[in-house]
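Following: one structure in structure tokens, then a few remarks.
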Amino acid sequence: MMEANLQTQWEVITRGAEDIFPEAELRSKLQTSLKENKPLRVKLGVDPTGADLHFGHIIPVLKMKQFQDLGHHCILIIGDYTAMVGDPSGRNKTRPQLTHEQVMENCRTYQEQVFTILDPGKTEVVYNGDWFADMGFVDVLALLSKMTVARMLEREDFAKRYQAQLPISLHEMVYPLMQGYDSAMIRADVELGGTDQKFNILVGRDIQKDRGQEPQVGVCNPILLGTDGGEKMGKSLNNYIGINESPEEMFGKTMSIPDTLMRMYFELLTDVPMAELDTLDKEMIAGQVHPMDVKKRLAKLVTHRFHGAPGAALGEAHFARVFSQKELPEDIDEVFLKPEQLENGRVWIAKLLREIGFATSGGEARRLVTQGGVRIDGETITDPGFDWQAVDGAIVQVGKRRFAKIRLR
RNA sequence: GGAGGGAUUCCCGAGUUGGCCAAAGGGGGCAGACUGUAAAUCUGCUGGCGACGCCUUCAGAGGUUCGAAUCCUCUUCCCUCCA
Numbered sequence: 003m004m005e006a007n008l009q010t011q012w013e014v015i016t017r018g019a020e021d022i023f024p025e026a027e028l029r030s031k032l033q034t035s036l037k038e039n040k041p042l043r044v045k046l047g048v049d050p051t052g053a054d055l056h057f058g059h060i061i062p063v064l065k066m067k068q069f070q071d072l073g074h075h076c077i078l079i080i081g082d083y084t085a086m087v088g089d090p091s092g093r094n095k096t097r098p099q100l101t102h103e104q105v106m107e108n109c110r111t112y113q114e115q116v117f118t119i120l121d122p123g124k125t126e127v128v129y130n131g132d133w134f135a136d137m138g139f140v141d142v143l144a145l146l147s148k149m150t151v152a153r154m155l156e157r158e159d160f161a162k163r164y165q166a167q168l169p170i171s172l173h174e175m176v177y178p179l180m181q182g183y184d185s186a187m188i189r190a191d192v193e194l195g196g197t198d199q200k201f202n203i204l205v206g207r208d209i210q211k212d213r214g215q216e217p218q219v220g221v222c223n224p225i226l227l228g229t230d231g232g233e234k235m236g237k238s239l240n241n242y243i244g245i246n247e248s249p250e251e252m253f254g255k256t257m258s259i260p261d262t263l264m265r266m267y268f269e270l271l272t273d274v275p276m277a278e279l280d281t282l283d284k285e286m287i288a289g290q291v292h293p294m295d296v297k298k299r300l301a302k303l304v305t306h307r308f309h310g311a312p313g314a315a316l317g318e319a320h321f322a323r324v325f326s327q328k329e330l331p332e333d334i335d336e337v338f339l340k341p342e343q344l345e346n347g348r349v350w351i352a353k354l355l356r357e358i359g360f361a362t363s364g365g366e367a368r369r370l371v372t373q374g375g376v377r378i379d380g381e382t383i384t385d386p387g388f389d390w391q392a393v394d395g396a397i398v399q400v401g402k403r404r405f406a407k408i409r410l411r
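Our numbering puts the first sequence at residues 3 to 411.
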């Protein structure tokens, strides 16, 4: 069961990990685990606050997969109760509180997506509602007494909000305690998460110690930056790559990350050995290897991870065709125009763009035309007052990557 | 409970001696040029309307005025200090 030796395990576990605390404890836990042939209990808690997962969510899941492949016991905690509270980590405002129904609804799709990576047969799934639902008020008070206000306010996110005169609700301060309690309930040896989870994971250690358990070790990955290269990947910033996105989108979006982010993505999302990445970096600096080729490899590997070999090939082909050669994509969505949308077989260009969803207003449509961003069958339209004689099968293109095939009926 | 400060366009944030405000600046977004690509860099646009004019926006509801983001009243929410 526990086959890999300590050194191998150590290399796998520390790859892409920004912070492990305390390192020494992880080492001794691994040693004991090997000696006694007893897998470590590895915890990852997820709050199903939204339906769709993106790359940022999946980083700790990939780390968990590595533990799983090493033979350790993985426990996925579905935070049906913590999701109702909302993790304040790294937030500058209170999360909206979800109802239990909303949370449970998200759970299904969440697990579906997570189990494209983890082995469902080897993963224990528990809900923290299992223990929180029946907790009495006295138990809650006992838990609350483990934390002081001063310590909570030391946290960077709360401190910032406090100084910026932004509201902090009391229930948000309960969150770390709940997460810590989870660790105690499942007797975790290791807890995974982003570096923003450090505080919560440390609270878990305290609670475990308080209950006479050996405290867990935190293994934290850096926070994945989004495609804009500056901010944490997230839905609200629209700088994310969803794991359910089409191969074409996934490949393209990966190609759109700034060069400076390539290393991070390689480390966290692929298995390319670290030594090879170092070599690649050197070769790029020396000009022996083209950054674009490296990025293409990254995009291919990443797409492969979620869509398999066919998806990776599809994504790559599409990219080469549309962006490198500036040709039309293979599949173009068809948009139907009804006769009543035409006048004597003609449509005003601004109206057309709105009808097919390439502009949300006439003003935006005019702007696109004026700036030379609109083509019909390869011909650039420059007159915002242009009335187009509709042709079945014509290709309307806006910008570099939006296409529609017009169908008349 | 008392005293004071605040809410502006997708976001942040100017503007508060009333007209020159569809509202500075930045971010984001979009488009163009360039190329190595949906990198980087540079440029332009960025409330709505078949549009050199008209319409709706500055927390909400009223009011003063020829004219209000700017002044007055009430309401909602946030913050600070005191208790």
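From the three backbone atoms N, C-alpha and C, an ideal C-beta is built for every residue, glycine too. A quick note: this is a predicted structure, and the numbers were derived from the prediction, not measured.
Rounded to a whole number of angstroms, what is the C-alpha to C-alpha distance between residue i and residue j?
i      : j      : result
Asp379 : Thr256 : 28 Å
Lys211 : Leu204 : 11 Å
Gln199 : Asn240 : 22 Å
Phe321 : Arg157 : 44 Å
Asp141 : Arg356 : 58 Å
Gly81  : Gly401 : 42 Å
Ala392 : Arg348 : 6 Å
Ala319 : Glu336 : 21 Å
Glu13  : Asp230 : 30 Å
Leu28  : Thr197 : 17 Å
Asn7   : Ile15  : 12 Å
Lys148 : Ala277 : 44 Å
Phe139 : Ile188 : 22 Å
Lys407 : Thr382 : 16 Å
Gly244 : Ile60  : 10 Å
Gln290 : Glu345 : 58 Å
Val128 : Ile79  : 5 Å
Val63  : Gly365 : 44 Å
Arg110 : Gln373 : 45 Å
Met286 : Glu25  : 33 Å
Glu247 : Gln113 : 17 Å
Asp261 : Trp133 : 46 Å
How would you write the range of the beta strand (DSSP E) that residue i sits in, first residue to last?
i      : result
Tyr267 : It is not in any beta strand (DSSP E) - Tyr267 instead sits in the alpha helix (DSSP H) that spans Met264 to Leu271.
Tyr83  : Tyr83 -> no beta strand (DSSP E), and no H or E assigned at all.
Gly220 : Val219 to Asn223
Gln391 : Asp389 to Gln391
Relative to the alpha-carbon of residue i, which residue among the options has its alpha-carbon at the smallest distance?
i      : options                           : result
Gly88  : Leu78, Val105 and Trp390          : Val105
Ala190 : Leu355, Ile170, Trp12 and Lys31   : Lys31
Pro386 : Ala367, Asp394 and Asp273         : Ala367
Asp46  : Glu27, Gln33 and Gln68            : One detail in the question is off: residue 46 reads as Leu in this sequence, not Asp. Cα-wise, what sits closest to Leu46 is Gln68.
Asp54  : Gln115, Met286 and Gly195         : Gln115
Cys76  : Phe139, Met66 and Tyr83           : Met66
Arg369 : Ile358, Glu216, Pro312 and Ala352 : Ala352
Ile22  : Phe160, Cys222, His56 and Ser326  : Cys222
Leu442 : Met137, Val219, Gly228 and Pro90  : Since the first residue shown for the chain is 3 and the last is 411, residue 442 is missing from the structure and cannot be characterised.
Pro217 : Ile225, Arg207 and Pro224         : Arg207
His309 : Glu20, Ile119 and Gly73           : Ile119
Thr10  : Arg265, Ser238 and Gly73          : Gly73
Asn130 : Pro178, Ile334, Gly58 and Thr84   : Thr84
Ser326 : Thr384, Arg403 and Ile397         : Arg403
Pro41  : Pro260, Asp71 and Pro50           : Asp71
Gln399 : Gly359, Ala186 and Tyr183         : Gly359
Pro312 : Val151, Pro275 and Pro249         : Pro249
Ala301 : Ile209, Asp132, His292 and Leu271 : Leu271
Under three-state DSSP, which class holds residue i?
i      : result
Leu330 : coil
Leu46  : strand
Leu72  : coil
Lys200 : helix
Thr362 : coil
Ala314 : helix
Leu226 : coil
Glu38  : helix
Thr125 : strand
Arg418 : In the structure displayed, the chain extends from 3 to 411; residue 418 sits before or after that span and is not available.
Ile22  : strand
Arg207 : helix
Lys353 : helix
Lys298 : helix
Leu64  : helix
Ile15  : helix
Val291 : coil
Gly195 : strand
Ile188 : helix
If you follow the alpha helix (DSSP H) that residue i is part of, which residue opens it and which one closes it?
i      : result
Lys255 : Pro249 to Met257
Asp280 : Met276 to Ile287
Are there three or more Cβ pairs, one per stretch, closer than 8 Å when the region 227-236 is compared with the region 271-284? no
- prompt: Using 8 Å as the threshold, is the region 300-310 in touch with the region 247-254, meaning 3 or more CB pairs across them?
  reply: Yes, they touch.
* Are the region 32-43 and the region 142-160 in contact at 8 Å, needing three or more beta carbon pairs? -> Under the 8 Å Cβ criterion, the region 32-43 does not count as touching the region 142-160, having fewer than three qualifying pairs.
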